[in-house]
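One structure is given below, encoded as structure tokens.
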Amino acid sequence: MNIQELVLDIKDHIKNILKDLGYFDENINITLEVPKGKSNGDYSTNVAMQYARIARKSPRVIADEIVNKVKSEDHFIEKIEIAGPGFINFYIKSSFITNVIKDINILKDNFGNHDLGQGEFYNIEFVSANPTGLLHIGHARGAAAGDSLCRILSKAGYKVEKEFYVNDAGNQIKNLAASIQARYRELFDLEATMPEDGYFGKEIIETAKDIKKLHNDKFIHEDGFEFFRQYGVDSLLNELKKDLKDFGVDFDVWFSEKSLYDQDLVNKTVKYLIDNDYTYEFEGAVWLKTSEYSDEKDRVIIKTDKTFTYVTPDIAYHKNKLDRGYTKLIDILGGDHHGYIPRLKAAIEMVGGNSDTLEVELLQMVKVLQDGIEVKMSKRSGKAITIRDLVDEVGPDPIRYFFAMRSLNTHMDLDLDLAIRQTNENPVYYVQYAHARICSIFRQAVEKGFNLDTFTTEFSTLTSEKTLELVSKLSEYPNAIKVAATQRAPHKLTNYINSLASSFHSFYNDEHVITENAQNTNERLALLNATKIVLKDALSLVGVSAPEKM
RNA sequence: GUUUCGGUAGCUCAGUAGGAUAGAGCAAUGGCCUUCUAAGCCAUCGGUCGGGGGUUCGAAUCCCUCCCGGAAUGCCA
Numbered sequence: 002m003n004i005q006e007l008v009l010d011i012k013d014h015i016k017n018i019l020k021d022l023g024y025f026d027e028n029i030n031i032t033l034e035v036p037k038g039k040s041n042g043d044y045s046t047n048v049a050m051q052y053a054r055i056a057r058k059s060p061r062v063i064a065d066e067i068v069n070k071v072k073s074e075d076h077f078i079e080k081i082e083i084a085g086p087g088f089i090n091f092y093i094k095s096s097f098i099t100n101v102i103k104d105i106n107i108l109k110d111n112f113g114n115h116d117l118g119q120g121e122f123y124n125i126e127f128v129s130a131n132p133t134g135l136l137h138i139g140h141a142r143g144a145a146a147g148d149s150l151c152r153i154l155s156k157a158g159y160k161v162e163k164e165f166y167v168n169d170a171g172n173q174i175k176n177l178a179a180s181i182q183a184r185y186r187e188l189f190d191l192e193a194t195m196p197e198d199g200y201f202g203k204e205i206i207e208t209a210k211d212i213k214k215l216h217n218d219k220f221i222h223e224d225g226f227e228f229f230r231q232y233g234v235d236s237l238l239n240e241l242k243k244d245l246k247d248f249g250v251d252f253d254v255w256f257s258e259k260s261l262y263d264q265d266l267v268n269k270t271v272k273y274l275i276d277n278d279y280t281y282e283f284e285g286a287v288w289l290k291t292s293e294y295s296d297e298k299d300r301v302i303i304k305t306d307k308t309f310t311y312v313t314p315d316i317a318y319h320k321n322k323l324d325r326g327y328t329k330l331i332d333i334l335g336g337d338h339h340g341y342i343p344r345l346k347a348a349i350e351m352v353g354g355n356s357d358t359l360e361v362e363l364l365q366m367v368k369v370l371q372d373g374i375e376v377k378m379s380k381r382s383g384k385a386i387t388i389r390d391l392v393d394e395v396g397p398d399p400i401r402y403f404f405a406m407r408s409l410n411t412h413m414d415l416d417l418d419l420a421i422r423q424t425n426e427n428p429v430y431y432v433q434y435a436h437a438r439i440c441s442i443f444r445q446a447v448e449k450g451f452n453l454d455t456f457t458t459e460f461s462t463l464t465s466e467k468t469l470e471l472v473s474k475l476s477e478y479p480n481a482i483k484v485a486a487t488q489r490a491p492h493k494l495t496n497y498i499n500s501l502a503s504s505f506h507s508f509y510n511d512e513h514v515i516t517e518n519a520q521n522t523n524e525r526l527a528l529l530n531a532t533k534i535v536l537k538d539a540l541s542l543v544g545v546s547a548p549e550k551m
């Protein structure tokens, strides 16, 4: 029996006792949680307070009745106390708690796995930046959050596919081609005007230079628009893929918007919507009746000039995703798209899907500070802090950790000077350092002849407060995974990692691991190995490395 | 105006299917390296949880109202 099973066991036990006492109510959940302070036991429940009204007795009396029935039976429990207004606090025997060390050393990086997602198949779309420039810091947040969430969901037992929607059709791509064309002409000192909504980043100039290198002045004499379009999309998409890869983010599917047109799926979807009376014509445009599905108003899907709006191919795209058989579609979008959600959900209902299948996670904007003042990004000037700059300066780890630390829908400030500084002001080093310290101890243990191939499974000397705190922190890992996965909250995992590292550092400072006492040393090495496994696994879920030396 | 996300320590942020003295990191102050990495540990300082009402044994958390900031409110994407 492990600690999770014990918790379930206790809950079950309490439930039976409540039935015996004649209080039980289906509607009240029995919860057993880890209290904040150790002085309130290893686990605690507030059932007595919840049942006060039903039983019409004071919480403490109920607690007393419950405790009297529990007491005699469970041999894993050290003691039970009633505290405060009526909390029942359970203290678990330390010999039972240390079992988790054995479990971890056997399961290794499978420790903390769940099968929560049985039968589920999630599609998670994130970043989906237009291939019209380099990825900037806002995209980095999306990439870090999305990738971490996917890894956590996989760990929790969900089948997950990561998808990037490539907007390689439509207006922005025309602007890209026109921008490249203008930059290309500039290279020959010819008159050139950048389009009003053009892309002014220096990577566009680089692209033009590349084209000049390959084809010289060929496109001065003939129309190169189509070439510029294709070449621009291809090369910028490659840059984008490279940057994401260097950031530790891989996608399973790169879905091309253009492919929707190539397969005629956009027209088919539009025809379907029209044929099924979901549209009407008004002032020369075709409108979709999304207001019938709790959107605030109807939306144009075919403009007066007969071209589509952004949502039109996106409906076809989501229809396509539905057809691919996922049980859940998660879109991770920037907070500025929140108004877009109702129309998308409406459209999903219209094409025969269930709008609950789509779940949108919004990421609020990142405010970037440099020298204490806000750095405004501007498409017009091409001024932006790119992922590439950041990764080149400090590597992916600090940035990924930093973004993973924040809950998705919080507005956040990023102090660039601080992010780039490689000091302890950056929390990722604190965690990585814990891992490196363990590795360092192991190196010395090997020198002194300790065996690190197998670890002891008997623990009799692990009794100090710091030790047990570290052990019980380890046993919380599976729950941390579960919470992070089901609440779509990678930051709950980094909170856990941080507190695990903290427990370790505190333990490390208090107690020497390698001593003359062989048994004691072996037990501690087993504990450290378990800690190392969990640290490394947890860090891998946020895409951060676990260095052996620092 | 409406929708939406925020307002918690000097700063950056946790904590919200109501629970025990509201937490962490950084910053500040004071200690700890002849012993496994001081990117560490320990301690201190620091908060009318934006304001005001309400709901109840109990509210940062739920309800109402007001104030302040971001975003959206396109036949842009």
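Here the first sequence is numbered in my numbering, starting from 2 and rising by one per residue. Don't be surprised by glycine CBs; every beta carbon is placed ideally from N, CA and C. Remember, it's a predicted structure, so these values are computed and weren't measured experimentally.
Provide the residue span of the beta strand (DSSP E) that contains residue i, from first to last.
i: D332; result: 329-335
i: I125; result: 122-126
i: S408; result: Unbroken run through S408: none, as it is neither H nor E.
i: T46; result: 44-46
i: S257; result: 254-257
i: V167; result: 160-167
i: E282; result: 280-283
Just checking my contact of residue i with residue j at CB under 8 Å: how many whole Å lie between their CB atoms?
i: G143; j: L364; result: 6 Å
i: I67; j: I15; result: 6 Å
i: K380; j: F201; result: 7 Å
i: D398; j: V429; result: 5 Å
i: T280; j: I302; result: 7 Å
i: F88; j: S40; result: Going by Cβ atoms, the distance from F88 to S40 rounds to 12 Å, so no, they are not a contact pair.
i: K386; j: I138; result: Strictly speaking, residue 386 in this sequence is Ile, with Lys absent from that position. The Cβ separation is near 5 Å, so the contact holds.
i: I153; j: A485; result: 5 Å
i: S465; j: E512; result: 7 Å
i: F229; j: I275; result: With 8 Å as the limit, F229 and I275 do not qualify as a contact, their Cβ atoms being about 34 Å apart.
i: I421; j: V395; result: 5 Å
Residue range of the alpha helix (DSSP H) that residue i falls in?
i: S155; result: 138-156
i: Q520; result: 519-542
i: E6; result: 4-22
i: N510; result: 491-511
i: R230; result: 226-247
i: R344; result: 342-351
i: P60; result: 60-71
i: L274; result: 266-276
i: Y52; result: Neither: Y52 is in no alpha helix (DSSP H) and is coded neither H nor E.
i: Q173; result: 172-187
i: D104; result: 100-108
i: P428; result: 428-448
i: S476; result: 466-476
Using CA atoms only, rank isn't needed, just tell me which of the options is closest to residue i.
i: Y24; options: Q51, S149, F451, L419; result: Q51
i: A531; options: W288, Y232, V101; result: V101
i: G171; options: E466, N523, H338, K307; result: K307
i: A435; options: D278, S507, L241, T99; result: S507
i: F252; options: C151, L19, L215; result: C151
i: A502; options: S292, I125, V432, Y92; result: V432
i: M2; options: Y341, I98, K70, I29; result: I98
i: D148; options: L215, D169, F248; result: F248
Which partner residues does residue i have in the DSSP bridge list?
i: V367; result: M413
i: L323; result: BP columns for L323 are empty, so no partner.
i: I81; result: F91
i: R300; result: L289
i: K483; result: The partner list for K483 (beta bridge, DSSP) is empty, contrary to what the question assumes.
i: V361; result: D332
i: S379; result: K384
i: F220; result: BP columns for F220 are empty, so no partner.
i: I374; result: Q371
i: F456; result: Note: F456 sits in no beta bridge, so no partner.
i: E34; result: S45
i: F309; result: I303
(request) Count the C-beta pairs between the region 457-467 and the region 374-381 that are closer than 8 Å, then say yes if the count reaches three, no if not. (result) When Cβ pairs closer than 8 Å are counted between the two stretches, the region 457-467 is seen not to touch the region 374-381, the count staying below three.
(request) Pair every Cβ in the region 110-117 with every Cβ in the region 155-168, then say whether three or more of these pairs are closer than 8 Å. (result) As far as the Cβ criterion goes, the region 110-117 touches the region 155-168, which means the pair count is three or higher.
(request) Taking 8 Å as the threshold, find out whether the region 250-265 comes into contact with the region 318-332 through three or more Cβ pairs. (result) Under the Cβ criterion (8 Å, minimum of three pairs), the region 250-265 counts as touching the region 318-332.
(message) Would you call the region 232-252 in contact with the region 174-190, where contact means no fewer than 3 C-beta pairs closer than 8 Å?
(response) Flag = yes, the region 232-252 and the region 174-190 touch.
(message) With three or more beta-carbon pairs closer than 8 Å as the criterion, would you say the region 412-419 touches the region 524-540?
(response) No: the two stretches stay apart, fewer than three of their Cβ pairs being nearer than 8 Å.
(request) Flag this pair as touching only if the region 398-411 and the region 535-545 have three or more C-beta atom pairs under 8 Å; answer yes or no. (result) Two segments are said to touch when three or more pairs of C-beta atoms, one from each, lie closer than 8 Å; by this definition the region 398-411 touches the region 535-545.
(message) Taking 8 Å as the cut-off, does the region 309-319 touch the region 338-349 (at least 3 CB pairs, one atom from each stretch)?
(response) Contact between the region 338-349 and the region 309-319 is present, because at least three Cβ pairs lie under 8 Å.
(request) Take every Cβ of the region 191-198, pair it with every Cβ of the region 325-340, and state whether three or more of those distances are shorter than 8 Å. (result) Segment contact: the region 191-198 against the region 325-340, fewer than three CB-CB distances shorter than 8 Å; contact not assigned.
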